[in-house]
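J.:
Residue numbers (UniProt numbering): 1 to 550.
1. Under 6 Å Cβ to Cβ from residue 77, same chain only, skipping five residues before and after it: list those, please.
2. With DSSP as the reference, identify every bridge partner of residue 104, one or two as the case may be.
3. Use the C-beta contact count for residue 30: other C-beta atoms within 10 angstroms, 16 or more gives buried, fewer gives exposed.
4. Give the secondary structure of residue 124 by DSSP, where H, G and I count as helix, E and B as strand, and everything else as coil.
5. Is the segment 83-98 in contact with the segment 52-60, if contact means three or more CB pairs nearer than 8 Å?
6. Would you list the residues sitting across from residue 171 in a DSSP beta bridge?
7. Under 8 Å, do residue 65 and residue 82 count as touching if we go by C-beta distance?
8. Helix, strand or coil: how does DSSP classify residue 88 here?
9. Suppose contacts are defined by Cβ-Cβ distances below 8 Å. Is residue 85 in contact with residue 4 by that definition?
10. Quick check: what's the CA-CA separation for residue 547 versus residue 396?
11. Could you pull the start and end residues of the beta strand (DSSP E) that residue 43 belongs to?
12. By how many angstroms is the C-alpha of residue 63 removed from the C-alpha of residue 114?
13. By DSSP's criteria, residue 119 is part of a beta bridge. Which residues make up the other side?
14. For residue 354 and residue 316, what's the separation of their Cα atoms in angstroms?
15. Report all residues from its chain with a CB closer than 6 Å to the CB of residue 481; omit the five preceding and five following residues, and keep chain order.
16. If you check the beta carbons only, do residue 12 and residue 36 fall under 8 Å apart?
17. Using a threshold of 8 Å, state whether the C-beta atoms of residue 49 and residue 121 are closer than that.
18. What does the Cβ neighbour count give for residue 192, buried or exposed, with the cut at 16 atoms within 10 Å?
19. For residue 95, count neighbouring Cβ atoms within 10 angstroms of its own Cβ and tell me buried if that reaches 16, exposed if not.
20. Going by the CB atoms, is the gap between residue 7 and residue 15 shorter than 8 Å?
21. Starting from residue 556, follow its DSSP beta bridges and name the residues at the other end.
22. Whose C-alpha, out of 152, 157, 232, 45, is nearest the C-alpha of residue 102?
23. Along the chain, where does the beta strand (DSSP E) that runs through residue 19 open and close?
24. For residue 181 and residue 173, I'd like the C-alpha separation in whole angstroms.
25. So, using beta-carbon positions, are residue 567 and residue 47 closer together than 8 Å?
Here's what the structure looks like:
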């Protein structure tokens, strides 16, 4: 067996990868001092498993890594690869060449490889055991070792002779076998001690086994009884659950009825609101007609007064003419022309008087007609007032129905709270069942199958309770929605009431403005009659304007 090659990388002074080919025969390495000749032998010793840094001429194992120089940085890895020729089969491996590699990192980690496969240091030493290579052998003799060998004692030279003769490996194997036998003796003594202890405890253990068997029988009986008790509890829970489901179903039906009642109340409220709007519009039209009639009456009264004035003026004129006629009788003969003229004036006055009388008669007829129409308007206003009172009565009825609906909702909420109380009781019972089941599981492992079945039933009951809780939450959500809808309806009714109160409070002022709208040259109407909000924004407009829209 020969050394074929040696490859060094980062080992001591070999910073770069350096490969040395070793041919059969003697290979001599020459060079000046400090060129690294001794580092080659150190590399061979290190790759064969040397762990003593002093044998490698260093203080610590990290000293084998290239420490750097003025022109080169230090490396973090030292690696040596030694290739052995195994063509004669000296090494116990099926390879013609065996490459032993050792690496060491600056962090302190190291590894061995055999033909590129990670191995242990012991694997390397086992391969080299029968070859004389490795640590503790004299396959590598450093400078100065020859003198120590020549000056050694006979006992030391005997060790060298035994190593050369191959006896050392047998002694090492013998020592290893003796160590194994010593370990076996120690194990055998411990086994004997354990056997003696077991024999000593055999009697008490037999008694404990009897008690354990008796306990198993009693535990099985206890498990059966506990299981039967748990089944009874489960039946009670099931009956309670069925009752809760039935109560919940009845509550759902009642909730549906309440929702229908609320929807009906909302429809009636909308109908009343629309009716109020229509009646308000009719009231505006009647007010306009009343104003026009009042204006016509006033114009008629003015025309009547004017005609009366004209009539009085004509009568005064006639009296004056009569006086003039009587006074002019003396001058009758001399003033025939003036008399004719006066007669003509009298005829004109009489014609004008006749026309005035006709106008007075016609205006009287118009006054009677307007008076009748005014009475009709008063009757319509009275009918409108009665209709408004009917709307108020309907609104009051809707308010009472809303109050009844709210009372029904409160009753439904009480039912829901009752169901919640039953649910909590069921949950407490379920927790007690779970506690009992856990105690049974700890007390009797032999009844595992029965307890698993009970756990499945309990899980089903827990799922049913969870479903009940979910249904309860759904009912609570629906109840809250119904309550919100009822609150919204109450707010709308309250807004209508405020509008009605504001309309009643502003009645005189609004009537005066409506009566004098013709004089103001503009159309007057309540803001609530002309203001229109987009769909969905009515509540926002109402909050912004407050009660000023009446």
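All C-beta atoms in this analysis are idealised placements derived from N, C-alpha and C, irrespective of residue type, glycine included. All values derive from a computational prediction rather than experimental measurement.
T.: Let me spell this out:
1. 10, 105
2. 78, 110
3. exposed
4. helix
5. no
6. Its beta-bridge partners do not exist; DSSP assigns none.
7. no
8. coil
9. yes
10. Interpretation of residue 547 is limited by its pLDDT of 49, a score under 50 that renders its predicted location unreliable; no figure is taken from the coordinates.
11. From DSSP, residue 43 is part of no beta strand (DSSP E) but of the alpha helix (DSSP H) over 37-47.
12. 24 Å
13. 112
14. 16 Å
15. none
16. yes
17. yes
18. exposed
19. exposed
20. no
21. Beyond the ends of the chain as shown, which are 1 and 550, falls residue 556; an answer cannot be given.
22. 45
23. 18-21
24. 12 Å
25. There is no way to answer for residue 567, as the model of the chain reaches only from 1 to 550.
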